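Asks: There's a structure below that I have some questions on.
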Amino acid sequence: MEISRIFQTSSETTHSFFSKPGEGFYIPLYQREYSWDQENIEQLMDDVCRGVKDLISSEDTIHFMGTIILVAENNPENNISPQDPKALPTAILNVIDGQQRISTFSLLGCKLYELLFQSTQELPESEEYDDLREITKSYLTKLKALFSLYLGRGYPEEKPVIIRSGIDAWTLEGDDDKYYKSDVSLVLAQFIKAISDKSEFPKLTRKSNTKIYDNFKIIDDCLQNVLEAHKNDGDGDCPKAWDILEGNIKQKTLWDYNRPGLEKLIEGRVEEACSLVQLYSFCYYLLERCCFTVIKPVSEVRAFDMFQSLNATGTPLTALETFKPLVVNTADSQGGEKSKKYSYTTSKFKDYFDRVDELMHRLRSASAKNKRTNDYLTLFAAAYSGDKLSKQFSQQRKWLNDEYAECGTLEEKEKFVRAMGDTASYCKEVIYSEANQRKGFPSLDNIEESLRKESAFLTLYLQDAGHKMSHTMLSRFYSLAINDDSKQKEFALACRSIAAFFTLWRSSLPNKGLDDVYRKLLADHMSWKSGDSSLNIESLQKYLWKSLKSKKIGDKESWKAAALQYLRYDNVKKVCRFCLFVTASNTIPDPDSPGLMKLTKKKQDSSYLDPEKWKNSDFKSIEHIAPQKQNSDPYFDSWDTRIYDDFNYESIGNLTLLPIDINSSASNKSWMEKWFYYRYLSEEDSDNLVTLKQEAEEKDISLRDDILERLESISYKSHILPITKVDPPTLTWNQEIINNRADRICDIVWETMNSWLS
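Residues 32 to 789 (my numbering) are what the sequence shown spells out, left to right.
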C-alpha cells in the first residue's frame with residue numbers, strides 16, 4: 032500500500048482553489064447549515080485588512096485558513112440528488128470539512144464583485160481612468176470564480192459553485208428559488224443571474240435570509256472602511272492607497288505591470304483612484320495570500336478518519352503559554368545576576384504572571400481557553416500600546432516577544448509583566464465576574480457604596496452593549512485603583528465618563544470610528560507604554576469631548592437633533608435600555624405633561640442605576656407601548672395610525688421596561704387595556720388593586736389573573752407612573768406623546784451624560 036496515494040495533499044491560494052474549470056462543491060446531507068456569525072466574519076475581514084498592512088512591510092506575508100477535506104464524487108448519477116443531469120459540473124467534490132469557509136469566501140466574493148463593479152461604474156469617462164477599468168475587469172473575473180463555476184451551457188452559463196444535498200440542484204435554466212433553496216446557494220444564484228442579465232444586484236432582507244443578511248451587513252461595513260481608508264486620520268486598520276504603492280507590494284503583483292498614470296492619480300489624492308487601489312489590495316490579499324491545505328482522501332471512510340484526527344487530537348498551546356518560559360528565563364537569568372537568591376519563584380514576575388494564569392486555569396476546553404486568550408490579548412495590546420492585535424497565534428506570539436524584547440532592563444520587563452497582571456485582574460474581577468459586579472465591586476471600599484454600585488451598573492451596561500473597547504481604558508484606571516486606594520474614585524469617574532461618551536455617540540451615530548478614538552488616545556497619551564502622567568479624569572474627559580465635537584454632536588442642540596432620529600429600538604436596543612434606566616432614576620411624573628417624566632431634586636430612596644436592577648427580571652424586556660405589529664384585532668383601531676408611518680413605534684419615546692412575560696402577554700392590546708395593566712403595575716396600595724380590576728371589568732376588559740399575580744411581585748414600579756397619567760378615554764397614547772416623550776428623554780439623558788463628562 033502506498034500511503035501517499037491514500038491522502039493527496041496540496042497547498043492552494045484562494046484563487047487557485049476556486050478557479051479549477053468545471054469544479055463544483057457539494058455539501059452532504061449530514062453537514063450542518065451555514066452558521067458563521069458576526070465574530071467569524073469580523074475576524075476574517077480583520078485578518079485580510081491586517082494582512083494587507085503587513086504586506087506593505089513584509090512581502091512574504093500569508094494567512095493560513097486551515098485545512099479543507101474533499102472527496103471526489105465518482106458516482107454523481109446515483110449520489111447527487113436532486114439533479115438535472117444536463118447541468119452537472121465536470122467534477123463534483125463532497126465537502127467533508129470546510130464548508131463554512133468555502134461558503135463564506137463565496138459570499139464575500141459576491142459582495143466584493145458588487146462593490147468593485149459599482150465603484151468602477153462611477154468613474155469619469157476620461158482616459159486617465161482606463162488603468163482602473165482594466166484592473167477592475169481582471170479582478171472581477173477572479174472574484175466571479177469564488178461564487179460561480181462555468182458550465183458553458185444553459186442560462187446563465189455559470190452556476191453556483193457550492194450547493195447543498197437534498198434541497199439544491201444545479202439546473203440548466205429556470206427560476207433560482209425553485210432549484211436553489213439553501214440560503215447560500217440561492218444568494219449565489221441570484222448574484223450570477225444579476226451579472227448575466229446586467230440587472231441590479233440582489234437586495235436581501237433580514238426576514239428572507241437572516242444569517243446572510245446580517246453577515247452581508249458586517250461585510251458591507253468593513254468594505255466601506257477599506258474604500259474610505261484614505262479619509263481616516265492617523266494609522267487606521269486599513270492601509271491608505273499611497274502607503275500601499277510606497278510599500279513593499281510590487282505593482283505587478285497587484286495589477287500585472289507598473290502604471291505611472293495610476294501612480295499620478297494616487298499622488299494627487301484622487302478619491303476614486305484611492306478607494307479602488309485600497310479595494311484591489313484587499314482582493315489581492317484575499318485571492319493570492321490567503322491559503323488552504325487541501326486534503327483529498329481516496330474515499331469517504333479515509334476522509335472521516337482524517338477529519339476526526341485533525342479535530343480530536345492534541346491541545347494546541349496559546350501565545351501566553353509559549354511566552355511564559357521567556358518570562359521565567361528573564362527572572363532566573365537576569366535576576367540571578369543581581370542576587371543569587373533571586374529567581375522567578377521568589378520574584379514579582381511570578382506574582383504578576385500568576386494572575387494571568389488564574390484567568391485561564393479553570394477553563395477546561397481548548398476552544399474556551401483560546402477564546403479567552405484572544406480576548407485578553409486583544410484588550411492588553413490595545414491598553415499597552417494602542418495596537419490592534421490579530422487573533423492569529425503567530426501574530427500574538429510575535430507581538431508579545433517584540434514588546435518584551437523592547438523592554439531593555441529587568442525593571443522594564445517587570446513593569447511589562449505587571450501590566451499583564453493588572454489587566455488580567457481587571458478581566459477576572461470586572462469582565463468575568465458578574466457576582467462581583469452585582470455586589471458593586473466590594474473591594475473598592477475607599478469610595479461610597481452608591482458610587483461603587485453605579486460603577487458596576489455602568490460596566491454591565493457597556494458589556495451588554497458589546498462595547499469591548501471600553502475595557503481598554505477602564506482597565507488602565509482600574510490598575511490605578513487596585514494599586515492606590517486614593518485612586519479608586521478615579522476609576523468610578525472613568526466609568527461615568529466612558530459610559531457617557533459611548534451613550535452620546537451611539538444614541539446619535541453608528542459605531543464606525545468609535546474604537547479608533549480610544550486607540551488613538553491610548554497610543555498617544557494613556558497606554559501603559561505612554562506612562563501614567565496623562566492618566567487622569569480631566570485629560571480623559573477633555574479628549575472625549577473633543578472627539579464628540581469633531582463628530583458635530585458636542586453640544587446639546589446638535590446631539591439632540593441626531594438622537595431624536597437615531598435613538599430607536601431597531602438601531603441601538605441596549606443604549607435605549609440604558610436611557611430608560613437613566614430617565615427612571617430621580618424622576619417623577621410631570622404634572623403638566625401627561626406621559627412625561629421630569630427630574631426631581633429630591634433624592635430617591637433607591638436609584639435605578641444599580642447592578643442588581645440592570646440584571647433584575649423586572650426590567651428584562653424593552654416594551655413597545657404602542658405595539659410593533661399591526662393586526663386585524665378590532666382593538667388595534669384604537670391606536671394612532673401615524674405611529675406606524677416610518678416605523679415611529681421604534682422611537683425611544685414609545686419604549687418602556689417590563690418583564691418579558693408581561694410584554695408578550697399585553698403587547699398587542701388596545702391602549703385602554705394596556706393602561707389598566709400599567710396602572711396595576713404602578714399601584715403601591717394593594718387595597719386599590721381589587722377596585723382597579725373591577726373598573727376594568729366595567730369597561731368589558733378582562734385582566735388575566737396570571738399576569739396580575741406577576742405584576743404584584745414586581746419590586747420597581749416608579750418608571751411606569753408617568754405613562755399611567757395618559758388616562759383614557761380623555762387621553763390616548765398617540766404620536767404627539769411619543770414625540771414629546773422622546774424629546775424629554777433626550778433632555779434628561781443629555782443633562783445626565785453632560786454632568787458625568789464634566
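Ideal Cβ positions, reconstructed from N, Cα and C, are used throughout, including at glycine. Here the structure is a predicted model, which means the values were calculated and not measured.
Taking the C-alpha atoms as reference points, what is the distance between SER330 and CYS458?
Replies: Going from the Cα of SER330 to the Cα of CYS458 covers about 47 Å.
Asks: What distance in whole Å lies between the Cβ atoms of SER137 and VAL215, which are believed to be in contact at a cut-off of 8 Å?
Replies: Indeed they touch by this definition, with Cβ atoms about 7 Å apart.
Asks: GLU442 lies in the beta strand (DSSP E); which residues open and close that run?
Replies: Here GLU442 belongs to no beta strand (DSSP E); instead the alpha helix (DSSP H) covers 441-457.
Asks: Whose CA, out of ASP91, LEU307 and ILE656, lies closest to the CA of ILE166?
Replies: When each option's Cα is compared against that of ILE166, the closest is LEU307.
Asks: Since I believe TRP559 is in contact with ALA450 (beta carbons under 8 Å), could you give me their beta-carbon distance rounded to a whole number of angstroms?
Replies: At roughly 4 Å, the Cβ-Cβ gap stays under 8 Å, so ALA450 and TRP559 are in contact.
Asks: For ASP649, write down the residues that DSSP places opposite it in a beta bridge.
Replies: ASP649 is not bridged to any residue.
Asks: Among ALA727, LEU788 and LEU686, whose alpha-carbon lies nearest the alpha-carbon of HIS750?
Replies: Of the candidates ALA727, LEU788 and LEU686, the one whose C-alpha sits nearest the C-alpha of HIS750 is LEU686.
Asks: Measure the C-alpha to C-alpha separation of LEU742 and LEU712 and round it to an integer number of angstroms.
Replies: Going from the Cα of LEU742 to the Cα of LEU712 covers about 5 Å.
Asks: Does DSSP put GLU303 in a helix, a strand or coil?
Replies: Three-state result, GLU303: helix.
Asks: If TRP702 and THR755 are in contact, beta carbons under 8 Å, what's the gap, nearest whole angstrom?
Replies: With a Cβ gap of about 12 Å, TRP702 and THR755 do not count as contacting.
Asks: Can you list, in chain order, the residues of its chain with a C-beta nearer than 7 Å to that of ILE297? Leave out the 5 residues immediately preceding and following it.
Replies: Excluding positions up to five away in sequence, the list reads ALA272, TRP273, LEU276, ALA304, CYS305 and VAL308.
Asks: Is GLU782 buried or exposed, if buried means 16 or more other CB atoms sit within 10 Å of its CB?
Replies: It is exposed - the Cβ of GLU782 has fewer than 16 other Cβ atoms within 10 Å.
Asks: Go to GLU521, then tell me how far its alpha helix (DSSP H) extends in each direction, as first and last residue.
Replies: Residues 519-537.
Asks: Determine the closest residue to LYS644 out of LYS730, GLY471 and GLU231, with distance taken between C-alpha atoms.
Replies: Here the closest residue by C-alpha is GLY471.
Asks: Looking only at C-alpha atoms, which of TYR509, ILE478, ASN477 and ASP476 sits nearest to THR490?
Replies: When each option's Cα is compared against that of THR490, the closest is TYR509.
Asks: First and last residue of the alpha helix (DSSP H) that includes ASN542?
Replies: Neither: ASN542 is in no alpha helix (DSSP H) and is coded neither H nor E.
Asks: State the start and end residues of the unbroken alpha helix (DSSP H) segment that holds PHE384.
Replies: Looking at the DSSP string, the run of the alpha helix (DSSP H) that includes PHE384 is 379-391.
Asks: If you draw a straight line from the alpha carbon of ASN694 to that of ILE656, how long is it in whole angstroms?
Replies: Summary for ASN694: the model assigns pLDDT 48, below 50, so the residue's position carries little reliability; its value from the coordinates is reported in the next sentence. Rounded to the nearest angstrom, the two C-alpha atoms are 9 Å apart.
Asks: Among GLU728, LEU640, LEU285 and ASP68, which has the Cα closest to the Cα of TYR315?
Replies: Among GLU728, LEU640, LEU285 and ASP68, the Cα nearest to that of TYR315 belongs to LEU285.
Asks: Let's see if you can read the secondary structure: which residues bound the beta strand (DSSP E) around GLU188?
Replies: First-last for GLU188: undefined, no H or E at that position.
Asks: Tell me, please, which residues DSSP counts as bridged to ARG483.
Replies: According to DSSP, which records beta bridges pairwise, ARG483 is partnered with nothing at all.
Asks: Span of the beta strand (DSSP E) holding LEU630?
Replies: 628-630 is the span of the beta strand (DSSP E), which, as asked, contains LEU630.
Asks: Could you give the distance in angstroms between the alpha-carbon of LYS499 and the alpha-carbon of GLU714?
Replies: Each residue's Cα considered, the two are about 39 Å apart.
Asks: Could you say which of ILE249, LEU60 and SER89 lies nearest to ASN110 if we only look at CA atoms?
Replies: Comparing Cα positions, the closest option is LEU60.
Asks: Tell me which residue opens and which closes the alpha helix (DSSP H) that LEU720 is part of.
Replies: Per DSSP, LEU720 belongs to the alpha helix (DSSP H) from 718-729.
Asks: How should VAL721 be labelled, buried or exposed, when 16 other C-beta atoms within 10 angstroms of its C-beta is the threshold for buried?
Replies: Under this definition VAL721 is an exposed residue.
Asks: Taking Cβ positions, are GLU189 and LEU124 nearer each other than 8 Å?
Replies: Not in contact: GLU189 and LEU124 (Cβ atoms no closer than 8 Å).
Asks: Under a three-way DSSP split, which group does GLY97 fall into?
Replies: Strand.
Asks: Buried or exposed: which applies to TYR383, given that a residue is buried once 16 or more other Cβ atoms fall within 10 Å of its Cβ?
Replies: Result: buried.
Asks: Over the uninterrupted beta strand (DSSP E) stretch that includes GLY55, give me the two end residues.
Replies: First-last of the beta strand (DSSP E) with GLY55: 54-58.
Asks: Any chance you could list the alpha helix (DSSP H) runs of at least 4 consecutive residues sitting entirely within the stretch 244-288, in chain order?
Replies: For the stretch 244-288, whole alpha helix (DSSP H) runs of length 4 or above, ordered along the chain, are 272-277 and 282-286.
Asks: In angstroms with no decimal places, state the Cα-to-Cα distance between HIS556 and THR503.
Replies: If you take the alpha carbons of HIS556 and THR503, they lie about 13 Å apart.
Asks: Give me the Cα-Cα distance between TRP706 and GLU64, rounded to the nearest whole angstrom.
Replies: Roughly 44 Å separates the two Cα atoms.
Asks: So for SER42, helix, strand or coil by DSSP?
Replies: Three-state result, SER42: strand.
Asks: Could you give the distance in angstroms between the alpha-carbon of LYS518 and the alpha-carbon of LEU394?
Replies: Between LYS518 and LEU394, the C-alpha separation is close to 32 Å.
Asks: If you pair each beta-carbon of the stretch 85-98 with each one of the stretch 428-446, do three or more pairs fall below 8 Å?
Replies: Cβ pair count under 8 Å is below three, so no.
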